[in-house]
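Novice: Questions regarding the structure given below will be posed in turn.
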Amino acid sequence: MKIINVKTEREISLDSLLTKIFENFENMEKGE
């Protein structure tokens with residue numbers, strides 16, 4: 361996975377938002 365250093369703040373916050381959602385979804389799948 362390549363790390364792109366040139367990212368806009370919007371892309372960065374979108375990435376972290378998607379990561380948060382994905383982690384929450386994984387936790388729900390495990391039944392917390």
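Residue numbering for the sequence shown is 361 to 392, as defined by the working numbering.
Ideal Cβ positions, reconstructed from N, Cα and C, are used throughout, including at glycine.
All values reported here derive from a predicted model rather than from experimental measurement.
1) So what's Lys367 in DSSP terms, helix, strand or just coil?
2) Quick check: the Cα distance between Phe385 and Ser376, rounded to an integer number of angstroms?
3) May I have the straight-line CA-CA distance separating Asn387 from Val366, to the nearest angstrom?
Specialist: So, from the listed chains and residues:
1) Here residue 367 corresponds to residue number 7 of the sequence shown, with the count starting at 1. Coil, per DSSP.
2) Position 25 of the sequence shown, counted from the first residue, corresponds to residue 385. Position 16 of the sequence shown, counted from the first residue, corresponds to residue 376. If I take the Cα positions, the gap works out to 14 Å.
3) Taking the sequence shown and counting its residues from 1, one reaches residue 387 at position 27. Taking the sequence shown and counting its residues from 1, one reaches residue 366 at position 6. Cα-Cα distance, rounded: 31 Å.
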